[in-house]
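If you count the sequence shown from 1, you need to add 7 to reach my numbering.
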Amino acid sequence: MTNPSETPAHRYSPELAATIEKTWQKFWIDNGTFNAPNPVGDLAPTGGETLPEEKLFVQDMFPFPSGAGLHVGHPLGYIATDVFGRYNRMLGKNVLHTLGYDAFGLPAEQYAIQTGTHPRVKTQESINNMERQLGRLGLAHDKRRAVATTDVEFYRWTQWIFLQIFNAWFDPAQQKARPIAELHPLLESGEVAVPEELAVKFGARTYAELTQKQKAEVVDSFRLVYRTNSLVNWCPGLGTVLANEEVTADGRSERGNFPVFRKNLSQWMMRITAYADRLLDDLALLDWPDKVKSMQQNWIGRSRGAEVDFAVEAATGEAVASESLAGEATITVFTTRPDTLFGATYMVLAPEHPLVDALVDAAPANAYAADAVDTRWTFGHSTPSEAVAAYRASIAAKSDLERQENKEKTGVFLGAYATNPVNGARIPVFIADYVLTGYGTGAIMAVPAHDSRDYEFAGEFGLPLVEVVAGGDISVEAYTEAGVAVNSANESGLDINGLGKEDAIAAVISWLEARSLGREKIQYKLRDWLFARQRYWGEPFPIVYDADGIAHGLPESMLPIELPDVEDYNPVSFDPNDADSEPQPPLAKAKDWVEVELDLGDGVQRYTRDTNVMPQWAGSSWYQLRYIDPTNADEFCNIDNERYWTGPRSTSDSGGVDLYVGGVEHAVLHLLYARFWHKVLYDLGYVTSREPYRRLYNQGYIQAFAYVDSRGVYVPAAEVEERDGRFFYNGEEVTQEYGKMGKSLKNSVSPEEICDDYGADTLRVYEMAMGPLDTSRPWATKDVVGAQRFLQRLWRLVIDENTGNLVVVDDAVLTNDDNKALHRTVAGVREDYTELRLNTVVAKLIEYVNYLTKAYPAGAPRSAVEPVVLMVAPVAPHIAEELWTRLGNKTADGTVAYEPFPTFDEQWLVDDTIELPVQVNGKVRGRVTVAVDAAQADIIAAALADPGIANHVEGKTVVKEIVVPGRMVNLVVK
8 MTNPSETPAH RYSPELAATI EKTWQKFWID NGTFNAPNPV GDLAPTGGET LPEEKLFVQD
68 MFPFPSGAGL HVGHPLGYIA TDVFGRYNRM LGKNVLHTLG YDAFGLPAEQ YAIQTGTHPR
128 VKTQESINNM ERQLGRLGLA HDKRRAVATT DVEFYRWTQW IFLQIFNAWF DPAQQKARPI
188 AELHPLLESG EVAVPEELAV KFGARTYAEL TQKQKAEVVD SFRLVYRTNS LVNWCPGLGT
248 VLANEEVTAD GRSERGNFPV FRKNLSQWMM RITAYADRLL DDLALLDWPD KVKSMQQNWI
308 GRSRGAEVDF AVEAATGEAV ASESLAGEAT ITVFTTRPDT LFGATYMVLA PEHPLVDALV
368 DAAPANAYAA DAVDTRWTFG HSTPSEAVAA YRASIAAKSD LERQENKEKT GVFLGAYATN
428 PVNGARIPVF IADYVLTGYG TGAIMAVPAH DSRDYEFAGE FGLPLVEVVA GGDISVEAYT
488 EAGVAVNSAN ESGLDINGLG KEDAIAAVIS WLEARSLGRE KIQYKLRDWL FARQRYWGEP
548 FPIVYDADGI AHGLPESMLP IELPDVEDYN PVSFDPNDAD SEPQPPLAKA KDWVEVELDL
608 GDGVQRYTRD TNVMPQWAGS SWYQLRYIDP TNADEFCNID NERYWTGPRS TSDSGGVDLY
668 VGGVEHAVLH LLYARFWHKV LYDLGYVTSR EPYRRLYNQG YIQAFAYVDS RGVYVPAAEV
728 EERDGRFFYN GEEVTQEYGK MGKSLKNSVS PEEICDDYGA DTLRVYEMAM GPLDTSRPWA
788 TKDVVGAQRF LQRLWRLVID ENTGNLVVVD DAVLTNDDNK ALHRTVAGVR EDYTELRLNT
848 VVAKLIEYVN YLTKAYPAGA PRSAVEPVVL MVAPVAPHIA EELWTRLGNK TADGTVAYEP
908 FPTFDEQWLV DDTIELPVQV NGKVRGRVTV AVDAAQADII AAALADPGIA NHVEGKTVVK
968 EIVVPGRMVN LVVK
């Protein structure tokens, strides 16, 4: 007899699990088990095999290889997509699943700056570490398809795509991108006009009248990639421009906590705004969470309204001339509520608005001396020029978010007035930080009675309120509902009093358009994409500049443009508070690389390379296409392969990756940028799919408890003891918190630690069982043992722990109860796998294994056990492979990965009998089992015949019999 204290020699232990996992992981790699074939090219079948009729492209969001390594929260989505992919392989589909690395990023560059080590070294170390950690999990990836954005052969094609966008323009008539080559004849013929501002600048009305340099400038103004002076987030302390997401709400750099200033710089921009309507409208084609769609809709921010022109004059009453407008100054505003024009009592420009300087220059020195100028309007200065300069300096470090959300309203009077076009009222013009250049025209007509922010500003500056929409009490707060127009009529035929919002808007727009004072307009919050960084570790631009400063895209034959080696990876940094400093990127130091002699068709000339690099978004905007065709040296992605994996299935289908899984934090920018790049490639004929991602699923997060001592310092969570509901570290009581798992909170748990202590399959089962995939859930290491015990029970259904022999009974016939348990489990598990309800998959498998363990303690029928081994294979593949092999199953490819998934018989899903509770005078006294279709009389007879119920009825009279079909029986007795 075995000593109970001894572990049976063949128990499914962590040591045995590790051996099994290493064996099968090596088998999968050696045999290319998860290599998915392409229709054509290097990855196509070589033996003439036909591809499966059905395919599945499942993809995880591009991970960044962190030197800190993974914690158990990171693999949650990777395990889920692996489970889903494995299940679909068993359904006979050709499954493409791989994982690459979004490897250009600030951490590697910062490490290079600190140590002098090339960023590629640290990046590769991080990739190797992550590969090793993920390798423990047995993920079914096609390793041939893995890419990193830092691979020269990858970013060669990133540069190539950039050139396709650079050499394209958006044709508003066709609502699509077209090659720049098709624009030239349209400009020559006059079918496409020279933009008005350039025609004025050059003093020429037609394209033919322009010089070659001027023609180049006109063409550049149409490109989908263009350079412009744009307002950017300049961080002198880091020596680089930052994206909005890299700036904290209080206007400081996320890295280093340096001040960030708003500054006009010449930058590369991508004209994503040209695609605003398509990006918005095509959301209807996508199987995405409603929350994500709403976030994209709000970011794009399409709204209908009117542009309204306000004539401007200085405080002296004289018209203000603006050189930039080649005439008298006019402030144009965009408003979604032109019906409230009669209530506009002042105007506000963004402090960076190009008209501000012209208005200040025109203001007389004594503009602030007039009786009408409230001292609150002057920012404590005696002239508009002094006040504006001081005000701009005071808000330079504020982020857009801080400016918009700041409740404290500040501003400066410009010494100028505008004329309200509907009533001729002379209203003061201010600048204020709550108005941004990034939305509308950078100017607003302020209607304080009906806009909350205007109401707050008016209160601070003593400006009047005029009610023009009835329904609220404007002495208390702004009334912002639709309402009915009041106090809104003039002597020129405009009278909207009594009209509702929509009718009033239409009437005002019609009146404005008839007098050339305004026009109907669709406006967007979406801004063009700032596409440049003053860093080293990024994709170089395939662009050079000639002696005249004209940008030239390099020919494809010169790609890739590789990063040169530099001695110093630092951008030139400045005094953190030096807002007037200018960026000097690290690449500018590589003089031999920057200055080149090239023949671009006009003979050898001297050119200067662009010293900025692309933002990290570049590689992640198209990587799914390189997964499809990673070894193609001639194309970024063969269109036949793209059509097979992501092409549309019908005219109403957008096409794209079949399942894309990742966190909701990428709901806007990454997805918006990827959709934009993909649509340009579609327009130019390089892909057949209109969208990159057909179905999107946002997984939740694994969170954990963290503990803080009396100093407010986090202590190692693993070393905290719980006693009577209180928590102690080294004898001192600490406070428990709950939230994100991470290194800084000292609550990380390494997946390697769990694999060592329990096995990778146990980790996989536990993470999938923790809760619904799309919700966050708490990690508890002590609960992992439950997943381990489930796998041990599964093991014992096949293997005797003491002898290692099989315990299944080969010729046993399944009972009706067995068939019901089996077929119901199969039906439920198939549905749950399909719908990514992986926690209930595990629950159903546990229930079925428990049933077999209880029903067959000496050995269950093979026909009952083999299906559960197949059903568990997607979620716990190593143990499934081992058990399937030990059961004697021989497959051509030696793996369970392509075995058909079990099917079910409908007859076993329907009950023949049903158990009903029986109440006597409202209290349950017993239960009876009857046929599902039993008549009411038979149900009553069965209830009265039950001994337990009969005891409560004996000697009494049944005065009422109630049967609720399928639910209950109630007997009323006296």
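Quick reminder that beta carbons are idealized off the backbone N, C-alpha and C, glycines included.
Small disclaimer: the values here were computed from a predicted structure and weren't measured.
Residues in its own chain within less than 8 Å of methionine 276 by CB, not counting five upstream and five downstream?
Reading the sequence shown from its first residue, position 269 is the one you call residue 276. The answer, listed in chain order, is Val232, Tyr233, Arg234, Thr235, Ser237, Asp535, Trp536, Leu537, Phe538.
Thinking C-alpha only, which one of Tyr552, Pro391, Gly766, Asp575 is nearest arginine 542?
Locating residue 542 in the sequence shown gives position 535, where the first residue counts as 1. Ranked by how close their Cα comes to the Cα of arginine 542, the residues Tyr552, Pro391, Gly766, Asp575 have Asp575 in first place.
Would tryptophan 241 pass as a contact of phenylalanine 268 if the rule is Cβ separation under 8 Å?
Translated into the one-based positions of the sequence shown, residue 241 becomes position 234. Translated into the one-based positions of the sequence shown, residue 268 becomes position 261. In this structure, phenylalanine 268 lies closer than 8 Å to tryptophan 241 by Cβ.
Quick one, which of Thr390, Gly107, Ala439, Thr255 has its alpha-carbon nearest isoleucine 982's?
Only positions 8 to 981 of the chain appear in this structure, which leaves residue 982 out of reach.
Kindly list the residues whose CB is nearer than 7 Å to the CB of arginine 259, restricted to its own chain and excluding five residues on each side of it in sequence; keep chain order.
Working through the sequence shown from its first residue, we reach residue 259 at position 252. Closer than 7 Å at the Cβ level, and outside the excluded window around arginine 259, lie Phe265, Pro266, Val267.
Just to confirm the assignment: which complete beta strand (DSSP E) runs, minimum length 3, are found wholly within the segment 124-180?
Within the segment 124-180, complete beta strand (DSSP E) segments of at least 3 residues are found at 175-178, given in chain order.
Compare the C-alpha of alanine 188 against each of Glu132, Ile27, Met97, Val226 and name the closest.
On the sequence shown, residue 188 is found 181 positions in, with the first residue counted as 1. The closest CA to that of alanine 188, considering only Glu132, Ile27, Met97, Val226, is found on Val226.
From the DSSP output, which residues share a beta bridge with cysteine 242?
Locating residue 242 in the sequence shown gives position 235, where the first residue counts as 1. In DSSP, cysteine 242 forms a bridge with Thr247.
Taking the beta carbon of glycine 490 as the centre, do at least 16 other beta carbons fall within 10 Å, making it buried, or is it exposed?
Within the sequence shown, residue 490 is the residue found at index 483, counting from 1. Result: buried.
What does alanine 787 pair with, by DSSP beta-bridge criteria?
Indexing the sequence shown from 1 puts residue 787 at position 780. Checking the DSSP bridge columns, you'll see alanine 787 has no partner listed.
Would you call serine 196 buried or exposed, if buried means 16 or more other Cβ atoms sit within 10 Å of its Cβ?
The sequence position of residue 196 within the sequence shown is 189, counting from 1. Burial call: exposed.
Return the CA-CA distance between threonine 26 and arginine 803, expressed in angstroms with no decimal places.
Working through the sequence shown from its first residue, we reach residue 26 at position 19. Working through the sequence shown from its first residue, we reach residue 803 at position 796. If you take the alpha carbons of threonine 26 and arginine 803, they lie about 18 Å apart.
Return yes when the Cβ of proline 471 is within less than 8 Å of the Cβ of threonine 352, no when it is not.
What you label residue 352 is simply residue 345 of the sequence shown in a count that begins at 1. What you label residue 471 is simply residue 464 of the sequence shown in a count that begins at 1. Cβ distance < 8 Å, so threonine 352 and proline 471 count as in contact.
The segment 561-581 in contact with the segment 593-605 per 3-pair CB rule at 8 Å
Output reads yes: the segment 593-605 touches the segment 561-581.
Return the chain-ordered ranges of every alpha helix (DSSP H) run that is complete within the segment 865-906 and spans a minimum of 4 residues.
As far as the segment 865-906 is concerned, its whole alpha helix (DSSP H) runs of at least 4 residues are 869-879, 884-893.
Tell me, please, which residues DSSP counts as bridged to asparagine 977.
Here residue 977 is taken as the residue at index 970 of the sequence shown, counted from 1. Paired residues: Gln926, Ile969.
Output the residue ranges of the alpha helix (DSSP H) runs that lie fully inside the segment 734-768 and measure 4 residues or longer, sorted by chain position.
Counting only runs of 4 or more, we get 758-764.
Please classify aspartate 407 as buried or exposed, where buried requires at least 16 other C-beta atoms within 10 Å of its C-beta.
Locating residue 407 in the sequence shown gives position 400, where the first residue counts as 1. That one is buried.
Output the distance between the C-alpha atoms of threonine 658 and arginine 460, rounded to the nearest integer angstrom.
Translated into positions along the sequence shown, residue 658 becomes position 651. Translated into positions along the sequence shown, residue 460 becomes position 453. When rounded, the distance between both Cα atoms is 46 Å.
Cβ neighbours of leucine 752 in the same chain (closer than 6 Å, five flanking residues each side left out):
On the sequence shown, position 745 is the one that residue 752 refers to. So the list reads Ala713, Tyr721, once near-sequence residues are dropped.
Going straight from the alpha carbon of glutamate 649 to that of isoleucine 635, what length do you get?
Stepping through the sequence shown from its first residue, residue 649 is reached at position 642. Stepping through the sequence shown from its first residue, residue 635 is reached at position 628. Distance between the alpha carbons of glutamate 649 and isoleucine 635 is about 7 Å.
Going residue by residue through the segment 48-116, where are the continuous alpha helix (DSSP H) segments of at least 4 residues, counting only ones entirely within it?
Counting whole runs of 4 or more residues, the segment 48-116 contains the alpha helix (DSSP H) stretches 82-97.
When the Cα atoms are used, what is the spatial distance from threonine 860 to alanine 828?
The residue given as residue 860 occupies position 853 in the sequence shown. The residue given as residue 828 occupies position 821 in the sequence shown. Those two C-alpha atoms are separated by around 13 Å.
Alpha-carbon to alpha-carbon, alanine 110 and alanine 767
Here residue 767 corresponds to residue number 760 of the sequence shown, with the count starting at 1. Here residue 110 corresponds to residue number 103 of the sequence shown, with the count starting at 1. C-alpha separation (whole angstroms): 26 Å.
Going by beta-carbon coordinates alone, are isoleucine 86 and tyrosine 108 separated by less than 8 Å?
Within the sequence shown, the letter at position 79 stands for residue 86. Within the sequence shown, the letter at position 101 stands for residue 108. A distance of 8 Å or more separates the beta carbons of isoleucine 86 and tyrosine 108.
In chain order, what residues of the same chain lie with their CB nearer than 7 Å to the CB of lysine 967, ignoring the 5 residues before and after it?
Sequence index remark: in the sequence shown, residue 967 carries index 960 (1-based). Excluding sequence neighbours, lysine 967 sits near Val979.
For leucine 1000, I'd like the list of residues in its chain whose CB is within less than 6 Å of its CB, leaving aside the five on either flank, ordered along the chain.
Beyond the ends of the chain as shown, which are 8 and 981, falls residue 1000; an answer cannot be given.
Could you say which of Glu744, Arg730, Tyr745 lies nearest to glycine 738 if we only look at CA atoms?
Start at 1 with the first residue of the sequence shown, and residue 738 comes out as number 731. Nearest C-alpha to glycine 738: Arg730.
Leaving out five residues on either side along the sequence, give the residues of the same chain with a beta carbon under 8 Å from the beta carbon of threonine 782.
Reading the sequence shown from its first residue, position 775 is the one you call residue 782. These residues qualify, in order along the chain: Gly707.
What residues in its chain sit with their C-beta under 7 Å from that of proline 981, if we drop five residues either side in the sequence?
Numbered from its first residue, the sequence shown carries residue 981 at position 974. Note on residue identity: the sequence assigns lysine, not proline, to residue 981. If we look at lysine 981 and ignore the five residues flanking it on each side, its Cβ neighbours are Lys963, Thr964, Val966.
State yes or no: is the C-beta of leucine 366 within less than 8 Å of the C-beta of valine 315?
As a first step, residue 366 is located in the sequence shown; it is residue number 359 there, counting from the start. As a first step, residue 315 is located in the sequence shown; it is residue number 308 there, counting from the start. At the C-beta level, leucine 366 and valine 315 stay beyond 8 Å of one another.
Mark glutamate 160 as exposed unless 16 or more other C-beta atoms lie within 10 angstroms of its C-beta, in which case mark it buried.
In the sequence shown, residue 160 corresponds to position 153, counting from 1. It counts as exposed.
With a threshold of 6 Å on Cβ separation, who are the neighbours of alanine 321 within its own chain once the five nearest residues in sequence on each side are excluded?
Within the sequence shown, numbered from 1, the residue matching residue 321 stands at position 314. Excluding sequence positions up to five before and after alanine 321, its CB lies within less than 6 Å of the CB of Val327, Ala369, Ala370, Ala423, all in the same chain and listed in chain order.
Is it the case that the Cβ atoms of aspartate 381 and phenylalanine 468 are separated by a distance below 8 Å?
Position 374 of the sequence shown, counted from the first residue, corresponds to residue 381. Position 461 of the sequence shown, counted from the first residue, corresponds to residue 468. Closer than 8 Å, so yes.
Of the residues Ile947, Ala938, Thr810, which one's Cα is nearest the Cα of alanine 16?
If you number the sequence shown from 1, residue 16 lands on position 9. Answer by Cα proximity: Thr810.
Closest to glycine 263 by CA distance: which of Glu698, Leu113, Phe209 is it?
Position 256 of the sequence shown, counting from 1, holds the residue named residue 263. For glycine 263, the nearest C-alpha among the options comes from Leu113.
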